[in-house]
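K.L.:
Structure below; questions to follow.
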Amino acid sequence: MRSSPPVCLLLLALGCDAPDDGTPSGRSTEQTSPVEMAFLTPTEHALRASMAIRGVRPTPEELLQVDADPAALEALVDTWLADPRFGETVRDLHAEQLLLRTDVLDQLPAIGALSGTSVARIHRATTESPLTLVERIVVEDRPYTEVVTAEWMYTDPVLALIYGLPHDPTGPTWQQARWSDGRPMAGLLSDSELFRRVESAGSNFHRLRANYIADTFLCSDFAGRDIPIDGGIDLTDEELVAEAVSTNPSCVGCHQALDPLAAFFWGFKVQVKQFGVAKAHLAGCRDVPLDTSPYLASQFCYPLEHWTAADESGWAEVGLWPPGFYGSPGTDLADLGQLVAEDPRFAECTARRFQAYLAQTDKNDVDYVVAEELQAVLREASFSARELVRHIVLSDRFRRVEGPDSVGLLTVRPEQYARMLEDWTGWAWRGIGDPEDCATMRPLVGPICWGEVDLLRSDRFGFRTLAGGVDGFYNTTPKHDPTPMRELTLSRAAFEAAGYVVPRDLSEPDPGARRLLTQVEADTTDPDTIRAQLADLHVRVLGTLAEPTDPEVEASYLLWSDTLARHGEPATAWMLTLGALLQDPRVMFY
Numbered sequence: 017m018r019s020s021p022p023v024c025l026l027l028l029a030l031g032c033d034a035p036d037d038g039t040p041s042g043r044s045t046e047q048t049s050p051v052e053m054a055f056l057t058p059t060e061h062a063l064r065a066s067m068a069i070r071g072v073r074p075t076p077e078e079l080l081q082v083d084a085d086p087a088a089l090e091a092l093v094d095t096w097l098a099d100p101r102f103g104e105t106v107r108d109l110h111a112e113q114l115l116l117r118t119d120v121l122d123q124l125p126a127i128g129a130l131s132g133t134s135v136a137r138i139h140r141a142t143t144e145s146p147l148t149l150v151e152r153i154v155v156e157d158r159p160y161t162e163v164v165t166a167e168w169m170y171t172d173p174v175l176a177l178i179y180g181l182p183h184d185p186t187g188p189t190w191q192q193a194r195w196s197d198g199r200p201m202a203g204l205l206s207d208s209e210l211f212r213r214v215e216s217a218g219s220n221f222h223r224l225r226a227n228y229i230a231d232t233f234l235c236s237d238f239a240g241r242d243i244p245i246d247g248g249i250d251l252t253d254e255e256l257v258a259e260a261v262s263t264n265p266s267c268v269g270c271h272q273a274l275d276p277l278a279a280f281f282w283g284f285k286v287q288v289k290q291f292g293v294a295k296a297h298l299a300g301c302r303d304v305p306l307d308t309s310p311y312l313a314s315q316f317c318y319p320l321e322h323w324t325a326a327d328e329s330g331w332a333e334v335g336l337w338p339p340g341f342y343g344s345p346g347t348d349l350a351d352l353g354q355l356v357a358e359d360p361r362f363a364e365c366t367a368r369r370f371q372a373y374l375a376q377t378d379k380n381d382v383d384y385v386v387a388e389e390l391q392a393v394l395r396e397a398s399f400s401a402r403e404l405v406r407h408i409v410l411s412d413r414f415r416r417v418e419g420p421d422s423v424g425l426l427t428v429r430p431e432q433y434a435r436m437l438e439d440w441t442g443w444a445w446r447g448i449g450d451p452e453d454c455a456t457m458r459p460l461v462g463p464i465c466w467g468e469v470d471l472l473r474s475d476r477f478g479f480r481t482l483a484g485g486v487d488g489f490y491n492t493t494p495k496h497d498p499t500p501m502r503e504l505t506l507s508r509a510a511f512e513a514a515g516y517v518v519p520r521d522l523s524e525p526d527p528g529a530r531r532l533l534t535q536v537e538a539d540t541t542d543p544d545t546i547r548a549q550l551a552d553l554h555v556r557v558l559g560t561l562a563e564p565t566d567p568e569v570e571a572s573y574l575l576w577s578d579t580l581a582r583h584g585e586p587a588t589a590w591m592l593t594l595g596a597l598l599q600d601p602r603v604m605f606y
């Protein structure tokens, strides 16, 4: 399990306590030697659970409810699991672990049927489609096995143009549909956008895709196998390689399982890239070869032909193994989905992925005993991912910050921070990185206008990776420890948000319509009123049930009054003080 360096420094700030008997639930009190343990208080546990589920802090009313009755947390967790923001967390979780939100890569071109569409809109349509499928399965409390067995997918108007899918313009943005090319339906296993992201080289024969599925859904990475490799094979000679994977004992050790798994994916195009689509449109979308590609230009024009039924048996033409799943035969993707769902490793790997994301560790570092426990929870709940999340966030393990199996302190993710700032202030860090001539048609690229982007949720123009996130391609592992660039990025965001909300709150005549400064006016300098407002901010922002006379509130008041003395304007004092609160360690860690 990952151990965050700031744990010891921040335990006092968190006010951690321990259970009355000094031992976690379910452990014997008989110890050969004392074990140091520290637990979050009930209100801190509520804050952590809310952040994990929704990416925002509990309301002051919710904190007071748990402070008065710690048992109330269970009912609150059920409420939070029904919050639409839980769906956002589900998408964030799978975007990070499936490596889908890769805006650093070239997107499909805004030409042909997509003329006039912003590149950001194309990116959103293509990356969010598989994530929306998973989100709906989880929030609707359907069996999580449907992520690999569902007989439907989700499309929006742009994705419908890309693949020629039905979409009702009078209905919701995201609508259920089926792939219209006759491919077998198997949830994510038949998703074009997943396999446009996970490509295959021409002589790779879909092995990368097979390993991706094994690693992602079964936690069984072929690359992690301890198999000695014989030298002397010319890897540039496809015929020699094809013979070796069938006859060389070192190669057969992996390929007798890898190649049958890869055989399920031969219906997919090897790659569908921006340049190929642009070249196809320049060629008039005719049935002519696309450069040296084995495909035709017409297959790469909108609507794209990403799956071709005639290619499904391509594995036989190069003498590879037929479709199979670790010794069990299969015919198509639908068979594969059922085989994956029924494999015991699927339940364990699902448990590992959710625990790893919520506890901010790697899925392979989740303790075997923990994974076994969570796997049992998932199976007993008929593969309800919602119930799995509920169990994780309510467990003693999740509120333990020091001691055996402790989660430690958790670090706010850039997506969570963006959500919190918007929840508190109404501000989102947006920008436009397009050049002035972005609408000009570029050869083999088309227009490159992205339009407005959220800078904490973007890597091409924004700062998601600097703030600890992943771009899904160059950086695939989130950073949960403090770094100078992370702190600088979030500090800038904090002061931008403070500078946005303070003048708007102070100019709003109705205190009930304000977001944060509900107890002061633009000219208020009375110390008692300022302290009362600061105490309220400590509850709303820091999640601490502070009183106006508390020392920590007094420290905030000293910052406010010193700024006022230096600049003479209450608004400036509020912007600086609020900016400091928004980047307090109790905000950055939970």
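Here the sequence shown is numbered in my numbering, starting from 17 and rising by one per residue. We put the CB at the ideal spot given by N, CA and C, even for glycine.
Quick check on DSSP: helix, strand or coil for Phe399?
P.N.:
Start at 1 with the first residue of the sequence shown, and residue 399 comes out as number 383. Looking at Phe399 - three-state DSSP - the assignment turns out to be coil, as it is neither helix nor strand.
K.L.:
Apart from the five residues on each side of it in sequence, which residues of its chain come closer than 7 angstroms, Cβ to Cβ, to Thr530?
P.N.:
Within the sequence shown, residue 530 is the residue found at index 514, counting from 1. First, the amino acid is wrong: residue 530 is Arg here, not Thr. Here the set comprises Asp521, Glu524.
K.L.:
Is it buried or exposed, Met591, if we count other Cβ atoms within 10 angstroms and call 16 or more buried?
P.N.:
Position 575 of the sequence shown, counting from 1, holds the residue named residue 591. Met591 comes out buried.
K.L.:
Comparing C-alpha positions only, which one of Ser398, Leu394, Tyr311, Asp487 sits nearest to Val405?
P.N.:
Position 389 of the sequence shown, counted from the start, is the residue given in the question as residue 405. Among Ser398, Leu394, Tyr311, Asp487, the Cα nearest to that of Val405 is on Leu394.
K.L.:
Is it buried or exposed, Pro360, if we count other Cβ atoms within 10 angstroms and call 16 or more buried?
P.N.:
Counting from 1 along the sequence shown, the entry for residue 360 is found at position 344. Exposed is the call here.
K.L.:
Work out the CA separation of Arg152 and Gly103 for me, nearest whole Å.
P.N.:
As a working mapping, residue 103 is identified with position 87 in the sequence shown. As a working mapping, residue 152 is identified with position 136 in the sequence shown. About 8 angstroms.
K.L.:
Roughly how far, in whole angstroms, is the beta-carbon of Asp172 from the beta-carbon of Ala129, given that I think they are within contact range, below 8 angstroms?
P.N.:
Position 156 of the sequence shown, counting from 1, holds the residue named residue 172. Position 113 of the sequence shown, counting from 1, holds the residue named residue 129. So it is not a contact: roughly 14 angstroms between Cβ atoms.
K.L.:
Using the rule of at least 16 other Cβ atoms within 10 Å of the residue's Cβ for burial, across every protein chain shown, is Asp475 buried or exposed?
P.N.:
Stepping through the sequence shown from its first residue, residue 475 is reached at position 459. With 16 or more other CB atoms across the displayed protein chains lying within 10 angstroms of its CB, Asp475 is buried.
K.L.:
Check for me: the alpha helix (DSSP H) holding Met604 runs from which residue to which?
P.N.:
Residue numbering aside, residue 604 sits at position 588 when the sequence shown is read from its first letter. It spans 601–604 - the alpha helix (DSSP H) in which Met604 sits, taken as one unbroken run.
K.L.:
Taking the straight line between their C-alpha atoms, what separation do you get for Ala444 and Ala434?
P.N.:
Counting from 1 along the sequence shown, the entry for residue 444 is found at position 428. Counting from 1 along the sequence shown, the entry for residue 434 is found at position 418. Taking the straight line from one Cα to the other gives about 7 angstroms.
K.L.:
Let me make sure I understand the geometry here. Which of His61, Gln81, Val417 has the alpha-carbon closest to that of Val409?
P.N.:
Counting from 1 along the sequence shown, the entry for residue 409 is found at position 393. If we check each option's Cα against that of Val409, His61 comes out closest.
K.L.:
DSSP on Gly515, reduced to helix/strand/coil?
P.N.:
The count along the sequence shown starts at 1 and reaches residue 515 at position 499. Reduced to three states, the DSSP call for Gly515 is helix.
K.L.:
At a threshold of 7 angstroms, does Trp445 count as lining the ligand ZN (C-beta to nearest heavy atom)?
P.N.:
This structure lacks the ligand ZN; in fact it carries no ligand of any kind.
K.L.:
Would you give the residue range spanned by the alpha helix (DSSP H) that Met201 belongs to?
P.N.:
As a position in the sequence shown, residue 201 is number 185, starting the count at 1. Where Met201 is concerned, there is no enclosing alpha helix (DSSP H), given that its DSSP letter is neither H nor E.
K.L.:
Between Glu431 and Leu147, what straight-line distance do the alpha-carbon atoms span, to the nearest angstrom?
P.N.:
Position 415 of the sequence shown, counted from the start, is the residue given in the question as residue 431. Position 131 of the sequence shown, counted from the start, is the residue given in the question as residue 147. Rounded to whole angstroms, Glu431 to Leu147 spans 15 angstroms at the Cα level.
K.L.:
With 16 as the cutoff for other CB atoms within 10 Å, does Arg473 come out buried or exposed?
P.N.:
Counting from 1 along the sequence shown, the entry for residue 473 is found at position 457. Flag for Arg473 reads buried.
K.L.:
Do Thr492 and Leu224 have their beta-carbon atoms positioned less than 8 angstroms apart in this structure?
P.N.:
Counted from its first residue, the sequence shown places residue 224 at position 208. Counted from its first residue, the sequence shown places residue 492 at position 476. No, the Cβ-Cβ distance between Leu224 and Thr492 is not below 8 angstroms.
K.L.:
For Arg435, does the three-state DSSP call read helix, strand or coil?
P.N.:
For the purposes of this step, residue 435 is identified with residue 419 of the sequence shown, where counting begins at 1. In the structure shown, Arg435 sits in a helix (DSSP, three-state: H, G or I).
K.L.:
Does Arg446 come out as helix, strand or coil in the three-state DSSP assignment?
P.N.:
To locate residue 446, count along the sequence shown from 1; it is residue 430. Of the three classes helix, strand and coil, the one that applies to Arg446 here is strand, per DSSP.
K.L.:
Just verifying my parser: in three-state terms, what is the DSSP assignment at Ser474?
P.N.:
Within the sequence shown, residue 474 is the residue found at index 458, counting from 1. Looking at Ser474 - three-state DSSP - the assignment turns out to be coil, as it is neither helix nor strand.
K.L.:
I need the straight-line Cα distance from Gly300 to Ser314, nearest angstrom please.
P.N.:
For this step, residue 300 is matched to residue 284 along the sequence shown. For this step, residue 314 is matched to residue 298 along the sequence shown. Distance between the alpha carbons of Gly300 and Ser314: 8 angstroms.
K.L.:
Can you check which of these residues, His222, Thr347, Asn227, is closest to Val334 by C-alpha distance?
P.N.:
The residue you call residue 334 lines up with position 318 of the sequence shown. Looking at the Cα atoms, His222 is the closest of the given residues.
K.L.:
What is the DSSP secondary structure of His292, counted as helix, strand or coil?
P.N.:
Start at 1 with the first residue of the sequence shown, and residue 292 comes out as number 276. Residue 292 is actually Gly in this sequence, not His. Residue state, collapsed to three classes: helix.
K.L.:
For Val518, which option in Gln549, Asp207, Ala332 has the closest C-alpha, if you only look at C-alpha atoms?
P.N.:
Within the sequence shown, the letter at position 502 stands for residue 518. Cα-wise, what sits closest to Val518 is Gln549.
K.L.:
What is the DSSP secondary structure of Tyr179, reduced to helix, strand or coil?
P.N.:
Taking the first residue of the sequence shown as 1, we reach residue 179 at position 163. Tyr179 falls in the helix class under three-state DSSP.
K.L.:
Specify, as a first and last residue, the run of the alpha helix (DSSP H) that Met53 falls within.
P.N.:
As a working mapping, residue 53 is identified with position 37 in the sequence shown. That residue, Met53, is in no alpha helix (DSSP H); it is neither H nor E in DSSP.
K.L.:
Span of the beta strand (DSSP E) holding Ala171?
P.N.:
As a first step, residue 171 must be located in the sequence shown, where it is residue number 155. Rather than Ala, the amino acid found at residue 171 in this sequence is Thr. Note, Thr171: beta strand (DSSP E), 169–171.
K.L.:
With Ala193 as the anchor, note down where its beta strand (DSSP E) starts and where it stops.
P.N.:
Indexing the sequence shown from 1 puts residue 193 at position 177. That run of the beta strand (DSSP E) goes 191–193.
K.L.:
For the pair the stretch 267–281 and the stretch 333–352, tell me if three or more CB-CB distances fall below 8 angstroms.
P.N.:
yes
K.L.:
What are the complete alpha helix (DSSP H) segments, minimum 4 residues, inside the stretch 352–384?
P.N.:
360–375
K.L.:
What did DSSP end up calling Leu598 once you bin it into helix, strand or coil?
P.N.:
To locate residue 598, count along the sequence shown from 1; it is residue 582. DSSP places Leu598 in coil when its eight states are reduced to three.
K.L.:
What residue range does the alpha helix (DSSP H) around Glu90 cover?
P.N.:
Your numbering for residue 90 matches position 74 in the sequence shown. Counting along the chain, the alpha helix (DSSP H) containing Glu90 begins and ends at 89–97.
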